[in-house]
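Its first residue numbered 2, the sequence shown is counted upward by one per residue in my numbering. C-beta atoms are modelled at their ideal positions from N, C-alpha and C, and glycine is treated no differently.
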Amino acid sequence: MKRPIIAGNWKMFKTPSEGSAFVDEVMKLVLDHEKVDVIFCPPFTALFNMKDAFESGKHFSLGAQNCHWEESGAFTGEISVGMLKDCRVQYVILGHSERRHIFHEPDEWINRKVHSVINGNMTPILCIGETLTQRDEGETEAILDKQLQLGLKGIDSLDNIVIAYEPVWAIGTGLTATPAQVSETHQQVRDILNQLYDTEAVENVAILYGGSVKPENAKELILTQGVDGFLIGGASLKVDSFTTIIENVELSI
Ligand code: 13P
């Protein structure tokens, strides 16, 4: 098994001071859990404050939730890869379903961002996933195929990429995909990637699951075939639930 990745996507929660206190507390509690890579993805405003905290543990890193693809320019409200790098950000979540659906980000923009993040020597966490209607209509694989083909267009290596499969219907709803659904879909993701990259690269790429991951289902999900870690929303906001998930994952592997 690969080193599991547990990423907490805070979305639009926590002020910079709340975020720093939270990270300090979590780091103290899981400092010895070195078999798991933990990524904190706070809102942009918290990133600069936090960067010093990330000198200590090798298995902790900082992630952002989005970026713009240009280096600089007249893009009101946007943040560049260089700005994130200055905050010691190592990962950038791209193509999250909330960006796709609420802010109407097309695959073409997501692809530009993937290129910029890789060119900036950071790792994109490329999110993909189907809606409930798409699943019910048997379109899951076609949707994932489109999101992967377009999102990774022109990217010739998977070396510095993490994929996060997040079924839209499981995000923030309390509905979790069953282990059978997760392993089947993660396999579909690998099959799609196998058409684009060589087998070894596809075996090595980390595919995270996201969607109502909590302490109660973390063990079962991390042991599910094809799952290399989690992208967690709600349960990453509380010290108890986030550290328990990290502990459960470390104990399960
Ligand atoms: P929840 O864990 O709250 O369902 O959110 C998942 C998510 O969107 C992580 O990016």
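* Within this structure, are the beta carbons of T46 and P17 separated by less than 7 Å? -> Sequence index remark: in the sequence shown, residue 46 carries index 45 (1-based). Sequence index remark: in the sequence shown, residue 17 carries index 16 (1-based). Closer than 7 Å, so yes.
* For F41, which beta-bridge partners are listed by DSSP? -> As a position in the sequence shown, residue 41 is number 40, starting the count at 1. DSSP lists G9, L63 as the bridge partner or partners of F41.
* Asked: Among S213, A75, Q148, I119, which residue has its Cα nearest to the Cα of K86?
  -> Reading the sequence shown from its first residue, position 85 is the one you call residue 86. Per the Cα distances, I119.
* **First and last residue of the uninterrupted alpha helix (DSSP H) at V93** => As a first step, residue 93 must be located in the sequence shown, where it is residue number 92. Per DSSP, V93 lies in no alpha helix (DSSP H); the unbroken beta strand (DSSP E) holding it starts and ends at 90-95.
* Looking only at DSSP bridge pairs, what is T124 linked to? -> One-based indexing of the sequence shown puts residue 124 at position 123. Under DSSP, T124 shares a beta bridge with Y92.
* **Sequence ranges, beta strand (DSSP E) only - wholly within the segment 150-214, length at least 3** => Those beta strand (DSSP E) runs which fall completely within the segment 150-214 and span 3+ residues are 163-166, 207-210.
* Residues near L194 in its chain [Cβ-Cβ closer than 6 Å; skip 5 each side] -> Residue 194 sits at position 193 when you count from the first residue of the sequence shown. Excluding residues within five positions, the ones whose Cβ falls inside 6 Å are V203.
* Nonlocal neighbours in the same chain, by C-beta distance under 6 Å from K154, ignoring five residues either side -> Within the sequence shown, residue 154 is the residue found at index 153, counting from 1. If we look at K154 and ignore the five residues flanking it on each side, its Cβ neighbours are N112.
* Asked: Is G234 near the ligand 13P, with its Cβ less than 6 Å from a heavy atom?
  -> Taking the first residue of the sequence shown as 1, we reach residue 234 at position 233. Yes, Cβ of G234 sits closer than 6 Å to a heavy atom of the ligand 13P.
* **Boundaries of the beta strand (DSSP E) in which F231 is found, first to last residue** => As a working note, residue 231 is residue 230 in the sequence shown. Per DSSP, F231 is one residue of the beta strand (DSSP E) stretching across 230-233.
* If you pair each beta-carbon of the segment 95-106 with each one of the segment 163-180, do three or more pairs fall below 8 Å? -> Cβ pair count under 8 Å is three or more, so yes.
* Straight-line Cα distance separating I103 from L224 -> As a working note, residue 224 is residue 223 in the sequence shown. As a working note, residue 103 is residue 102 in the sequence shown. Computed Cα separation, rounded: 32 Å.
* Cβ contact check for the segment 88-95 and the segment 50-67: 3 or more pairs under 8 Å -> The answer is yes - the segment 50-67 touches the segment 88-95, with three or more Cβ pairs under 8 Å.
* Is I129 helix, strand or coil when you go by DSSP? -> The residue you call residue 129 lines up with position 128 of the sequence shown. In the structure shown, I129 adopts extended strand secondary structure according to DSSP, grouped into three states.
* Asked: Going by Cα to Cα distance, which pick from A207, G83, M13, H60 is closest to Q66?
  -> Within the sequence shown, residue 66 is the residue found at index 65, counting from 1. Cα-wise, what sits closest to Q66 is M13.
* Asked: Among C68, L32, H34, which residue has its Cα nearest to the Cα of P43?
  -> What you label residue 43 is simply residue 42 of the sequence shown in a count that begins at 1. Closest option to P43, judged by alpha-carbon separation, among C68, L32, H34: C68.
* Asked: With C-beta atoms as the reference, is V260 less than 7 Å away from I7?
  -> A question about residue 260 goes unanswered here, because the residues of the chain that appear run from 2 up to 254.
* Just the C-alpha distance for G173 and G212, rounded to the nearest angstrom, thanks. => Counting from 1 along the sequence shown, the entry for residue 173 is found at position 172. Counting from 1 along the sequence shown, the entry for residue 212 is found at position 211. One C-alpha to the other measures close to 7 Å.
* **Nonlocal neighbours in the same chain, by C-beta distance under 8 Å from V240, ignoring five residues either side** => Taking the sequence shown and counting its residues from 1, the one referred to as residue 240 is at position 239. Closer than 8 Å at Cβ, skipping near neighbours: F23, E26, V27, L30.
* Hey, quick one: how far does the alpha helix (DSSP H) through F23 stretch, first residue to last? -> If you number the sequence shown from 1, residue 23 lands on position 22. 17-31 is the span of the alpha helix (DSSP H), which, as asked, contains F23.
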